[in-house]
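Chemist:
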Amino acid sequence: MWKSEHRLAADRGRLRYPSDLNDAEWALIAPLIPPARRGGRRRSVDVREVLNAIFYVLATGCQWQALPKDLPPKSTAHFYFMLWDWDRTLERIHDALYVAVREACGREASPTAAIIDSQSAKAAQKGVVRLTPRASMRARRSRGASVTSSSTRSVSCSA
């Protein structure tokens, strides 16, 4: 049940964008960010702002080119997104936030039960999906492409 303290904790109105990290989230995530590489120039970009840019794209679904001007450039944000995806930093961030949210709700860090629907069970029994080359597949025609299928449809009206 939503109580006043829950609403206060979930309020993102004071942030620039709803997808931005608040101070508590940043304190949890900051140790998970890998340090800059040794040698070369020092890191000149604000890593928190890079994460805000990545979260903005993920939350809004916008293109990298459509990032607002007050966030880091799209090339910088995309570079760090690809780097952190490759070295699994984003996965570690997700896991840390997931555990923190579950513990804040008074639940165990990892779920103790799971629900699997029949479709998931059927897919798991079949094993790995085989990839079929597109060149060997016959093209499918839509119903709209055939004049006869659209003219012979029956319409039923309920009285």
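Residue 80 is where the sequence shown starts when you use this note's numbering, and the numbers rise one by one after that. No residue lacks a Cβ here, since even glycine has one placed at the ideal position from N, Cα and C. All figures in this text were calculated on a predicted structure; none of them were measured in a lab.
1) Which value, in whole angstroms, describes the spacing of the CA atoms of Gly92 and Ile194?
2) Nearest-angstrom Cα distance between Pro97 and Ala103?
3) Count the other CB atoms, across all protein chains shown, that sit within 10 Å of the CB of Ala183; report buried if there are 16 or more and exposed otherwise.
4) So, at 6 Å on beta carbons, what are the nonlocal neighbours of Asp174 in its own chain, with the 5 sequence-adjacent residues on each side left out?
5) Give me the Cα-Cα distance between Asp99 and Asp196, rounded to the nearest whole angstrom.
6) Just checking my contact of Leu150 with Tyr135 at CB under 8 Å: how many whole Å lie between their CB atoms?
7) With H, G and I counted as helix, E and B as strand and the rest as coil, what does DSSP make of Asn131?
8) Measure from the alpha carbon of Ala115 to the alpha carbon of each residue in Val124, Leu107, Ile108, then state which is nearest.
9) Round the Cβ separation of Asp166 and Pro113 to the nearest angstrom and send it over; I've been treating them as touching at under 8 Å.
10) What does the Cβ neighbour count give for Asn101, buried or exposed, with the cut at 16 atoms within 10 Å?
11) With C-beta atoms as the reference, is Leu176 less than 9 Å away from Leu94?
Modeler: So, from the data block:
1) 35 Å
2) 15 Å
3) exposed
4) none
5) 35 Å
6) 6 Å
7) helix
8) Val124
9) 7 Å
10) exposed
11) no
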